[in-house]
DNA sequence: ACTCTAGGTGTACGGCGTACACTCGTCAAG
DNA sequence: CTTGACGAGTGTACGCCGTACACCTAGAGT
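As structure tokens, then:
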């Protein structure tokens with residue numbers, strides 16, 4: 001403590017958690033494409049190679065980031081109606097994913113499930129089972145939900161955009177799309193999907209699926225395929 | 001024609017189409033991660049910068065590849081049952097995407113819809129409309145299908161893998177997942193999702209959605225939200 | 001006092017996308 | 001036949017990336 005105590009506050013030593021948090025913050029702020037090991041190191045006032053004492057490589061960094069985000073999802077609420085329980089939790093996941101727009105792509109790009117994702121899926125499966133769905137049906141149901149389980153509906157293209165006036169040439173080439181765009185006539189029509197209420201679309205599909213599952217459950221549905 | 005006519009067949013000049021086809025073939029063969037401008041140029045016996053006379057940059061190359069793949073999807077068959085028409089076309093899309101496993105990720109990563117994708121979605125919307133769904137319902141229905149429209153069910157994690165014996169420690173930590181895995185007991189049980197019949201899962205969700213849509217159509221469903 | 005070690009450093013390598021200036025063959029206009 | 005424009009392919013170079021590897025250093029345990 002003899003010298004250089006005031007020039008800059010002495011460093012808190014790095015650790016895996018600080019690295020992951022900084023990475024998430026950086027991705028939130030500048031987008032996932034701008035997240036490089038070098039840029040992240042710079043954000044932490046450290047030389048790039050220092051990061052490798054805490055994460056094995058960039059893939060593992062991304063694994064950790066995915067887990068951190070999934071860990072933000074609320075646990076399932078208690079309740080007698082399994083559809084409400086599942087619906088609420090998925091909407092919580094959706095809120096988390098909207099806070100971290102890069103996360104959907106990162107989660108998808110993981111080659112294997114990370115621990116937090118496994119834990120999430122496990123309790124989700126538990127909610128279905130507790131609601132009375134057979135293990136068999138639960139299995140197919142979770143596949144059917146796909147990435148919607150984690151709150152992203154996989155919107156093919158981001159619905160934001162310049163949203164100029166409808167292009168008549170485009171409308172001529174793609175008449176049906178133009179018709180749909182015209183139908184979504186609220187706060188500024190746009191070309192293909194702009195002006196849609198994403199939340200509504202998400203819940204529309206979610207409820208359609210949950211209702212379908214409930215119908216199958218009541219019917220005692222089973223996959224009677226043999227081998 | 002005086003010299004070097006036999007050393008190597010004289011070059012067919014490059015063009016955009018040859019570049020795209022080579023890129024698709026290279027991605028098919030070696031994976032999308034191994035597709036670099038330099039590697040592609042090498043495959044075409046050309047210096048890397050030569051490619052830039054035919055595509056503006058790598059993003060545009062990927063756009064072109066996505067379009068080439070989407071162009072492989074069959075046009076809709078004719079028929080009175082809209083569900084059969086849509087179902088058949090989507091399964092065609094799925095076959096295409098299975099031929100080009102990298103394509104789903106590439107299509108997702110496009111920031112805007114490419115012409116072939118627009119054309120595909122347009123005729124798909126046409127099939128719904130012709131089946132008697134309102135423009136309103138068609139709109140939401142297409143959102144609900146999400147990427148399934150293009151044949152990929154977004155399987156969160158690839159179902160292939162080492163597929164070792166079920167890990168008892170994992171089973172203890174994730175009991176519900178273990179139960180589901182045990183249920184999918186055919187040709188070799190695996191840890192989380194292995195051993196599933198992907199095609200079955202895809203069609204399960206597809207048919208659940210299509211049946212739900214048909215029910216809504218018969219009910220004259222409309223989104224009566226105001227503003 | 002000595003060693004061990006965890007964490008941070010510095011240098012370097014190979015690969016990437018691509019900007020920019022160039023060469024060269026073809027072909028139409030003069 | 002000359003010439004000049006032009007489109008296709010070339011060569012060099014820059015800045016970024018992830019990360020291997022050797023090194024240093026401060027503090028803890030003996």
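Residue numbers (the working numbering), protein chains in the order written: chain X, 1 to 227; chain W, 1 to 227.
Cβ coordinates follow ideal geometry from the N, Cα and C atoms, glycine included.
Sub-8 Å separation of residue i and residue j beta-carbons
i	j	result
residue 142 of chain X	residue 149 of chain X	yes
residue 117 of chain X	residue 96 of chain X	no
residue 115 of chain X	residue 74 of chain X	no
residue 94 of chain X	residue 202 of chain X	yes
residue 76 of chain X	residue 84 of chain X	no
residue 100 of chain W	residue 17 of chain W	no
residue 131 of chain W	residue 82 of chain W	yes
residue 58 of chain X	residue 37 of chain X	yes
residue 50 of chain X	residue 14 of chain X	yes
Cutoff 8 Å; reference residue i; Cβ partners in own chain excluding five residues on either side
i	result
residue 26 of chain X	34, 35, 39, 40, 43
residue 24 of chain W	65, 68, 69, 100
residue 12 of chain W	18
residue 140 of chain W	223
residue 62 of chain X	106, 109, 110
Nonlocal neighbours in the same chain, by C-beta distance under 7 Å from residue i, ignoring five residues either side
i	result
residue 32 of chain W	102, 105, 106
residue 216 of chain W	137
residue 174 of chain W	none
residue 209 of chain X	144, 145
residue 206 of chain X	87, 90, 148
residue 47 of chain W	41
residue 120 of chain X	70, 73
residue 214 of chain X	83
residue 30 of chain X	none
residue 224 of chain X	none
residue 168 of chain X	none
residue 79 of chain X	85
Other residues of its chain near residue i: CB distance less than 6 Å, five sequence neighbours each side excluded
i	result
residue 138 of chain W	125, 128, 129
residue 64 of chain X	20
residue 231 of chain X	This structure does not reach residue 231 of chain X, given that chain X is present from 1 up to 227, and the question cannot be answered.
residue 71 of chain X	116
residue 153 of chain W	202
residue 108 of chain X	none
residue 218 of chain W	none
Integer-rounded CB distance, given that residue j should sit under 8 Å from residue i
i	j	result
residue 134 of chain W	residue 222 of chain W	7 Å
residue 212 of chain X	residue 212 of chain W	5 Å
residue 122 of chain W	residue 176 of chain X	5 Å
Check your understanding: If contact means a Cβ-Cβ distance below 8 Å, which residues of the stretch 126-138 of chain W contact chain X?
Key -> 126, 129, 135, 136, 138
Point to revise | Near-chain W residues of the stretch 76-101 of chain X (beta-carbon distance less than 8 Å), N- to C-terminal order | key: Answer set for the stretch 76-101 of chain X: empty.
Practice item. Mind checking the stretch 59-75 of chain W against chain X and listing, in chain order, the residues whose C-beta falls within less than 7 Å of any C-beta there? Key: none
Practice item. Name, going along the chain, the residues of the stretch 28-50 of chain W whose beta-carbon falls closer than 7 Å to a beta-carbon of chain X. Key: Within the stretch 28-50 of chain W, no residue has a Cβ lying closer than 7 Å to any Cβ of chain X.
Point to revise | Near-chain W residues of the stretch 167-184 of chain X - C-beta to any C-beta below 9 Å | key: 170, 173, 174, 175, 176, 177, 178, 179, 180, 181, 182, 183, 184
**Study point:** Short-range partners of chain W found in the stretch 111-124 of chain X, where Cβ spacing is below 9 Å
**Key:** 111, 112, 113, 115, 117, 118, 119, 121, 122, 123, 124
**Study point:** Interface residues of the stretch 138-151 of chain W facing chain X [CB-CB below 9 Å]
**Key:** 138, 139, 140, 141, 142, 143, 144, 145, 146, 147, 148, 149, 150
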